[in-house]
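J.: Have a look at this one.
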Amino acid sequence: MLGKKGFLLVLLLVIVSCKSTKSTEGANRKPLAKHVILIGSDGFGAYAFKKAKLPNLRKMMNGGVYSLQARSVLPSSSAVNWASMIMGSGPELHGYTEWGSKTPELPSRIIGEGGIYPSVFSLIDKQLPKAKKGVSYTWSGIGYLFEKNMVDLDFNGSEDPQTVDKALEFIIKDKPAFTFIHLTHPDNEGHEIGHDTPRYYKATEKVDELVGTIVETLKKNDMLDETVLIFSSDHGGIGKGHGGKTLEEVEIPWIVYGKNIQPKGKLTSTIMTYDTGATIAYLLGLEIPEFWRGKPITEIVK
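The following block contains the structure:
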């Protein structure tokens, strides 16, 4: 048995070990990629992969990792889920609770230096102050969900191709650490014509073509090998609406492809949309704040 001195020595070693572990938990890790691009397609339900021709997205799925069972938060509508995606937390904490939320209906648990619940942009701004970052979006509602005083690009395009062109111009010229590209289709067709219709699937195929344009442009400019692409959505839909509690509305695609991403294919992890923000932070080597509830999906990396 240990004597009194031996016991104290063991206790001291345990305390020192715990302190050492604690001190390194929050330290910045080496980034796994120089550039992360989040492509968000509004209203793109996971079920679209059953009927639509999506060669570029399928190439990313086969060469990277994916889940077609990732889930949105409730309600399964736009602002609440885009906020959750880049704020690393659900509406219970960030406070944006409705389709078109411009300000939190529920007081945010934390208010950051940007005047809103801290998003991935504020993490980058604080921990990588020299890094460029930007947002190019077609739906104007995105403009209320990030810290405008912290980005180098804030562009609201009139159509998805213009939104993508502006984002690529920024990416090629400024080599940003993080870019969020929001596409308004196929949500428009889902509301106007209906989900699970030929027009809806045609719109998803146009989104796929834009994804192909992004990948090819990165390749031509020798950036693809240093970039991680994440493709996801805010919700799916049924009929001409969304916001409910069906799997058609809640299940969203989650695809990751690029630098240091293993070609594992289908993921087994349970993924919530707020895990996207945490995964972006992980890929960029950032410390994830305590008040975020998302967790990085670490099985995606080599």
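In terms of the UniProt record's numbering, the sequence shown has 52 at position 52, counting the first letter as 1, and numbering is strictly consecutive. Glycine included, C-beta positions come from ideal geometry on N, C-alpha and C. Computed from a prediction, not measured in an experiment: that's the story for all the values here.
Only counting the same chain, and skipping five residues up and downstream in sequence, which positions put a Cβ closer than 6 angstroms to that of Tyr144?
T.: The residue labelled residue 144 in the question sits at position 144 within the sequence shown. Correct list, in chain order: Lys102.
J.: Contact between the stretch 61-69 and the stretch 246-263: three or more CB pairs below 8 angstroms?
T.: In short, these stretches touch, since the Cβ pair count reaches three.
J.: Quick check on Lys22: does DSSP put it in helix, strand or coil?
T.: Position 22 of the sequence shown holds residue 22. Summary for Lys22: the model assigns pLDDT 33, below 50, so the residue's position carries little reliability; its value from the coordinates is reported in the next sentence. Helix at Lys22.
J.: Nearest to Glu189 by CA position, among Gly241, Leu218, Leu153, Ser76, is which residue?
T.: The sequence position of residue 189 within the sequence shown is 189, counting from 1. The residue with the shortest Cα to Cα distance from Glu189 is Gly241.
J.: Among Gly45, Pro263, Phe49, Ile297, whose alpha-carbon lies nearest the alpha-carbon of Gly243?
T.: The residue you call residue 243 lines up with position 243 of the sequence shown. If we check each option's Cα against that of Gly243, Gly45 comes out closest.
J.: Is the beta carbon of Leu183 closer than 8 angstroms to that of Val228?
T.: Indexing the sequence shown from 1 puts residue 228 at position 228. Indexing the sequence shown from 1 puts residue 183 at position 183. Cβ atoms of Val228 and Leu183: not closer than 8 angstroms.
J.: Rounded to the nearest angstrom, what separates Arg58 and Asp208 at their Cα positions?
T.: As a working note, residue 58 is residue 58 in the sequence shown. As a working note, residue 208 is residue 208 in the sequence shown. If I take the Cα positions, the gap works out to 9 angstroms.
J.: With H, G and I counted as helix, E and B as strand and the rest as coil, what does DSSP make of Gly294?
T.: Along the sequence shown, read from residue 1 onward, the residue named residue 294 stands at position 294. Coil at Gly294, not helix or strand.
J.: Whether or not the stretch 265-285 and the stretch 33-41 are in contact is what I'm after, with contact meaning three or more pairs of Cβ atoms, one per stretch, closer than 8 angstroms; do they touch?
T.: The stretch 33-41 vs the stretch 265-285: in contact.
J.: Under a three-way DSSP split, which group does Arg71 fall into?
T.: Here residue 71 refers to the residue found at position 71 of the sequence shown. In the structure shown, Arg71 sits in a strand (DSSP, three-state: E or B).
J.: Any idea if Pro176 is buried or exposed, counting beta-carbon neighbours within 10 angstroms, 16 or more meaning buried?
T.: Mapped onto the sequence shown, residue 176 falls at position 176. Label assigned to Pro176: buried.
J.: Within this structure, are the beta carbons of Lys245 and Leu106 separated by less than 8 angstroms?
T.: To locate residue 245, count along the sequence shown from 1; it is residue 245. To locate residue 106, count along the sequence shown from 1; it is residue 106. No, they are not a contact pair.
J.: Does the separation of the CB atoms of Ile142 and Lys133 fall below 8 angstroms?
T.: Taking the sequence shown and counting its residues from 1, one reaches residue 142 at position 142. Taking the sequence shown and counting its residues from 1, one reaches residue 133 at position 133. Cβ atoms of Ile142 and Lys133: not closer than 8 angstroms.
J.: When DSSP builds the beta bridges, which residues end up paired with Thr115?
T.: Position 115 of the sequence shown, counting from 1, holds the residue named residue 115. Before going on, a small fix: residue 115 reads as Gly here, not Thr. DSSP lists no partner for Gly115.
J.: Between which two residues does the alpha helix (DSSP H) holding Asn62 run?
T.: Along the sequence shown, one-based indexing puts residue 62 at 62. It spans 55-63 - the alpha helix (DSSP H) in which Asn62 sits, taken as one unbroken run.
J.: For Asn81, report the span of its beta strand (DSSP E) as first-last.
T.: Working through the sequence shown from its first residue, we reach residue 81 at position 81. Run containing Asn81: none in the beta strand (DSSP E); it sits in the alpha helix (DSSP H), 78-87.
J.: Applying the criterion that 16 or more other CB atoms from any shown protein chain within 10 Å of the CB defines a buried residue, is Pro263 buried or exposed?
T.: Numbered from 1 along the sequence shown, position 263 holds the residue referred to as residue 263. By the 10 Å Cβ count, Pro263 comes out exposed.
J.: Is Val228 helix, strand or coil by DSSP?
T.: Translated into positions along the sequence shown, residue 228 becomes position 228. In this structure, Val228 counts as strand in the three-state DSSP scheme.
J.: What does DSSP give as the partner residue(s) for Met223 in the beta ladder?
T.: Against the sequence shown, residue 223 aligns to sequence position 223. Met223 pairs with nothing; no bridge assigned.
J.: Which same chain residues, not among the five before or five after Leu128, have their C-beta less than 8 angstroms away from its C-beta?
T.: For the purposes of this step, residue 128 is taken as the residue at position 128 of the sequence shown. Contacts found: Ala177, Leu284, Leu286.
J.: Would His185 pass as a contact of Gly237 if the rule is Cβ separation under 8 angstroms?
T.: If you number the sequence shown from 1, residue 185 lands on position 185. If you number the sequence shown from 1, residue 237 lands on position 237. Taking 8 angstroms as the Cβ cut-off, His185 and Gly237 do not qualify as a contacting pair.
J.: If you count every other CB in all the chains shown that lies within 10 Å of the CB of Arg109, and 16 or more means buried, which is it?
T.: For the purposes of this step, residue 109 is taken as residue 109 along the sequence shown, with counting starting at 1. Exposed, by the Cβ-count rule.
J.: How would you call Lys50, buried or exposed, if buried means at least 16 neighbouring beta carbons within 10 angstroms?
T.: By 1-based counting over the sequence shown, the position of residue 50 is 50. Counting Cβ neighbours within 10 Å, Lys50 comes out exposed, since fewer than 16 surround it.
J.: Report the CB separation of Val119 from Ala167 in whole angstroms; it is logged as a contact under 8 angstroms.
T.: Taking the sequence shown and counting its residues from 1, one reaches residue 119 at position 119. Taking the sequence shown and counting its residues from 1, one reaches residue 167 at position 167. In the sequence on display, residue 119 carries Ser and not Val. The Cβ separation is near 17 angstroms, so there is no contact.
J.: Give me whichever residues DSSP pairs with Ile261 in a beta bridge.
T.: As a working mapping, residue 261 is identified with position 261 in the sequence shown. Val301, per the DSSP bridge assignment.
J.: Determine the DSSP secondary structure at Asp154, reduced to helix, strand or coil.
T.: Start at 1 with the first residue of the sequence shown, and residue 154 comes out as number 154. Reduced to three states, the DSSP call for Asp154 is strand.
J.: Rounded to the nearest angstrom, how far is the Cβ of Phe121 from that of Val80, given a contact under 8 angstroms?
T.: The residue you call residue 121 lines up with position 121 of the sequence shown. The residue you call residue 80 lines up with position 80 of the sequence shown. Actually they are not in contact, since the Cβ atoms of Phe121 and Val80 sit about 18 angstroms apart, beyond 8 angstroms.
J.: Mapping DSSP to helix, strand and coil, what is Thr253?
T.: The residue given as residue 253 occupies position 253 in the sequence shown. For clarity, residue 253 is Pro in the given sequence; the question names Thr instead. Residue state, collapsed to three classes: strand.
J.: Sorted by chain position, which residues of the same chain lie with C-beta nearer than 7 angstroms to Glu113's C-beta, five sequence neighbours on each side aside?
T.: By 1-based counting over the sequence shown, the position of residue 113 is 113. So the qualifying residues of the chain are Ser122.
J.: Between which two residues does the beta strand (DSSP E) carrying Thr179 extend?
T.: Along the sequence shown, one-based indexing puts residue 179 at 179. Here the beta strand (DSSP E) through Thr179 covers 178-183.
J.: Can you pull the DSSP bridge partners for His35?
T.: Sequence index remark: in the sequence shown, residue 35 carries index 35 (1-based). Bridge partners of His35: Thr227.
J.: Using DSSP's beta-bridge definition, name the partner residues of residue 305.
T.: The first residue shown for the chain is 1 and the last is 302, placing residue 305 beyond what the model contains.
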